């Protein structure tokens, strides 16, 4: 039976890349995002069997409703990839403490909420469920201006480890990817003098996520895997 993945943050650069890689490898793909769905989007353009925009992923009932709608449409759930998140560069001295709350909500809360919402739907997966989160290489050692972001991504990493231990008896694996600088249009705009060839491409991250969602990775859980390109 065809396997099914839900991707949160599915309309962004990385979310779309994850969806494409899974679709190209025979999975049915559902995309969920807080952002509105792209105008005039089609299944062929998004390479998704189902999608929904305007989903507040910090709200458990909203996440449950979206995942339930996806399962009703597609039939089951085998994996969830928590791409939804955000970034702010801001020093503590010159910035706002509200940024720390924002980063927690965008990065930790969305991952925890979507994971909790998905748990009820993994029972129908023959290979057990897969949860893959997006941490950050920058959370291993934070630089100036990276405090709020790195703290929130460190929270994602600790969530990954704790949830992996919690779910070991349920054939559900939980792992996280720790990307370096991702080659996205926004990052190219923000860092025009950088050597883009050294950054990790979204498709490289997506391919590692695909492996973690596969049966071949059934023995891998609680792993924090750097995918940093050539930086």
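Residue numbers (the numbering used here): 3 to 233. Yeah, the Cβ is synthetic: ideal placement off N, Cα and C, and Gly gets one too. All values derive from a computational prediction rather than experimental measurement.
Taken through DSSP and simplified to helix, strand or coil, residue 95 comes out as coil.
When DSSP states are grouped into helix, strand and coil, residue 15 belongs to the helix group. According to the DSSP assignment, residue 199 belongs to no alpha helix (DSSP H), since it is labelled neither H nor E. Shown here, residue 204 sits in a helix according to DSSP, grouped into three states. Look at residue 173 here: in three-state DSSP terms it is coil, with no helix or strand label.
Secondary structure note for residue 71: its alpha helix (DSSP H) is the uninterrupted segment 62 to 76. Per DSSP, the continuous alpha helix (DSSP H) segment holding residue 164 begins and ends at 149 to 168. Taking a contact as a CB-CB distance under 8 Å, the pair residue 162 and residue 135 counts as one, their CB atoms being some 5 Å apart. At a Cβ-Cβ threshold of 9 Å, residue 56 and residue 129 do not count as neighbours. Annotation: residue 152 to residue 115 spans about 19 Å, alpha carbon to alpha carbon.
Here the alpha carbon of residue 179 sits roughly 30 Å from the alpha carbon of residue 41. Secondary structure of residue 181 (DSSP, three-state): strand. Note that the C-beta distance between residue 8 and residue 82 is below 9 Å. Bounds of any beta strand (DSSP E) do not take in residue 102; it lies within the alpha helix (DSSP H) bounded by 100 to 105. The secondary-structure analysis by DSSP pairs residue 226 across a beta bridge with 178. Within the same chain, and ignoring the five residues on either side of residue 22 in sequence, the residues whose Cβ sits closer than 6 Å to its Cβ are 49. Counting along the chain, the unbroken alpha helix (DSSP H) around residue 121 starts and ends at 112 to 121.
Taking every protein chain shown into account, the CB of residue 154 has 16 or more other CB atoms within 10 angstroms, so this residue is buried. Measuring C-alpha to C-alpha distances from residue 107 to each of 45, 74, 36, 220 identifies 36 as the nearest. Sixteen is the threshold: when 16 or more other Cβ atoms of the shown chains lie within 10 Å of the Cβ of residue 206, as they do, the residue is buried. Apart from the 5 residues on each side of it in sequence, residue 157 sits with its Cβ closer than 8 Å to the Cβ of 106, 109, 110 in its chain, given in chain order. Per the C-alpha coordinates, the member of 192, 184, 209 positioned closest to residue 14 is 184. In the three-state reduction of the DSSP assignment, residue 189 falls in the helix class.
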